[in-house]
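Here the structure is laid out as structure tokens; the discussion comes afterwards.
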Amino acid sequence: MWQNARSTKAAEYDHWWDQVSNVFTPNPESNERTMIALSVRSVWDLYFQIRNYPKGTEILMTAINIGDMYKVVEEYGLIPVPVDIDPYTMAPKLESIKAAVTEKTKVCLFAFLFGITYDIAPYADFLESQGIEIIEDCAQSWRGLDVFRGSPRAKMTMFSFGSIKFNTAFYGSISIIRNEAQLVD
Ligand SMILES: Cc1ncc(COP(=O)(O)O)c(C=O)c1O
């Protein structure tokens, strides 16, 4: 009986996951997948578990974020490297990113603050040429998929629906992951 109850729950869960996926990544032919998780912080943590970067790897992070996002990086023995943002645009200057990159840099996290989003393409041209993975932290910038669903140049775009968010679901995060099954499976 317990087994039956469990499999019913699992089926319900799969159905629910499929429904959310159909909204966030509707095209099965595309290279995008949806991941549903407890929070953006837990996805960020999972990301480092999977990538298993060597200790001392540098993670560029646009300058303002919540403390826990830095803490997760440090928990893995990695080094968060802040990159200043321009207060008028809330975006970093390309020169600041270029100046912060070293041979130890593996990831650049763009945090879109206060609902502001911007095109990362100019940064992506440089970062991709250096083999640096791009992640978008949209915890503060969910405005609906028709307005902003992240950049196709980002490996992962994370949205949060935590209790303090404007469009809250009280908890949870949904991420779009591109060109890779490993991070979802
Ligand atoms: C910029 C930013 N990143 C990450 C987070 C963490 O989101 P979550 O609560 O889903 O872990 C927040 C939460 O407020 C945030 O503002």
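Numbering (our numbering), first residue to last: 16 to 200.
Note that CB positions come from ideal geometry on N, CA and C, so glycine has one too.
Every value quoted in this text rests on a predicted model; they were computed, and no experiment measured them.
With a threshold of 8 Å, are at least 3 pairs of Cβ atoms found where one atom belongs to the region 143-151 and the other to the region 19-36?
no
Determine, using beta carbons only, whether Ile150 and Val122 come nearer to each other than 8 Å.
Counting from 1 along the sequence shown, the entry for residue 150 is found at position 135. Counting from 1 along the sequence shown, the entry for residue 122 is found at position 107. The answer is yes: Cβ separation under 8 Å.
Comparing C-alpha positions only, which one of Arg48, Glu47 and Ile74 sits nearest to Trp227?
No answer is possible for residue 227: it lies beyond the span of the chain, which begins at 16 and ends at 200.
For Ile179 and Ala154, what's the separation of their Cα atoms in angstroms?
Within the sequence shown, residue 179 is the residue found at index 164, counting from 1. Within the sequence shown, residue 154 is the residue found at index 139, counting from 1. Going from the Cα of Ile179 to the Cα of Ala154 covers about 10 Å.
Alpha carbon to alpha carbon, what distance is there between Ala184 and Ser45?
The residue labelled residue 45 in the question sits at position 30 within the sequence shown. The residue labelled residue 184 in the question sits at position 169 within the sequence shown. Taking the Cα positions, Ser45 is about 27 Å away from Ala184.
Sorry if obvious, but does the Cβ on Ile149 come closer than 7 Å to a heavy atom of ligand 1?
Your numbering for residue 149 matches position 134 in the sequence shown. Answer for Ile149: no, Cβ out of range of ligand 1.
So, helix, strand or coil for Ser52, using DSSP?
Position 37 of the sequence shown, counting from 1, holds the residue named residue 52. Per the sequence shown, residue 52 should be read as Ala rather than Ser. Three-state DSSP puts Ala52 in a strand.
Which stretch, first to last residue, makes up the alpha helix (DSSP H) that contains Ala139?
In the sequence shown, residue 139 corresponds to position 124, counting from 1. Ala136 to Ser144 is the extent of the alpha helix (DSSP H) around Ala139.
Is the region 48-64 in contact with the region 94-101, if contact means three or more CB pairs nearer than 8 Å?
no
Which ranges does the beta strand (DSSP E) cover as unbroken runs of at least 3 residues, wholly within the region 104-189, from first to last along the chain?
120-126, 148-153 and 171-175
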